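For the sequence shown, position 114 (counting from the first letter as 1) is numbered 289 according to this note's numbering, and the numbering increases by one without interruption. This report refers to the structure that appears directly beneath it.
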Amino acid sequence: MIRESKIRARYSETDQMGIVHHSEYVKWFEVARTDFLRDFNYSFVEIEDKGFYLPVIGVDVHYKSPAKYDDEIIIQTSISQYNGVRIKFHYIALHAEDKRVIVEGHTEHCWTSKSMHPVKLKKLWPELDKILVDNMEG
176 MIRESKIRAR YSETDQMGIV HHSEYVKWFE VARTDFLRDF NYSFVEIEDK GFYLPVIGVD
236 VHYKSPAKYD DEIIIQTSIS QYNGVRIKFH YIALHAEDKR VIVEGHTEHC WTSKSMHPVK
296 LKKLWPELDK ILVDNMEG
């Protein structure tokens with residue numbers, strides 16, 4: 176499943192050239208990832224209340240085309256890999272007007288307990304595990 180989030184580039188996110196600063200895309204990925212989970216009626220508050228964390232263990236971003244102040248951006252989010260412990264989200268940021276790709280990237284995460292030990296979600300929260308498996312790409 177691909178989920179879309181919309182973001183409008185704010186002035187504070189741009190550099191002196193009026194281009195969205197490269198660091199902002201990782202923040203936008205977080206917004207899109209949060210929206211993705213909300214589509215299944217799960218929030219990070221609920222996830223943490225149940226005793227789980229989902230820390231980022233890897234990020235890669237590939238810049239294709241600049242976004243500028245006040246551009247509307249669509250971020251398409253999907254799960255590209257999931258094994259019950261590690262999950263990898265795939266993102267494509269598109270300019271809303273002409274659909275050109277601005278950025279493509281991934282974030283990789285590991286399900287952990289609050290003590291930061293890796294956990295198998297299937298064993299501890301099978302309902303959420305099934306949703307993630309059922310909505311993985313391909």
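Positions of the beta carbon are idealized from the N, C-alpha and C atoms, including for glycine. Here the structure is a predicted model, which is why all the values come from computation and not from measurement.
Beta bridge counterpart(s) of residue i as assigned by DSSP
i	result
Met176	Paired residues: none, contrary to the question.
Ala320	In the structure as shown, the chain begins at 176 and stops at 313. Residue 320 is therefore absent and cannot be evaluated.
Lys181	Ile249
Tyr257	Ile262
Lys243	Ile194
Burial state of residue i (16 or more Cβ within 10 Å)
i	result
Gly233	exposed
Glu199	buried
Lys289	exposed
Arg208	buried
Tyr186	exposed
Lys305	exposed
Ser218	exposed
Lys263	buried
Expected contact under 8 Å - CB spacing of residue i and residue j to nearest Å
i	j	result
Glu279	Lys243	The pair is not a contact, with the Cβ atoms about 18 Å apart (cut-off 8 Å).
Ile182	Ile248	5 Å
Asp230	Thr282	According to the sequence provided, residue 230 is Pro. The question's Asp does not apply to it. About 10 Å separates the two Cβ atoms, so there is no contact after all.
His197	Thr189	Not confirmed; about 11 Å, so no contact.
Ser253	Ile177	5 Å
Tyr228	Val308	Between Val308 and Tyr228 the Cβ distance is about 20 Å, and since that is not below 8 Å, they are no contact.
Glu312	His265	7 Å
Asp246	Ala184	5 Å
Lys295	Gly259	5 Å
Simplified DSSP assignment, three categories, for residue i
i	result
Lys263	strand
Glu279	strand
Glu302	helix
Lys297	helix
Q. Which full runs of the beta strand (DSSP E) of 3+ residues lie inside the segment 186–241, going along the chain?
A. 231–238
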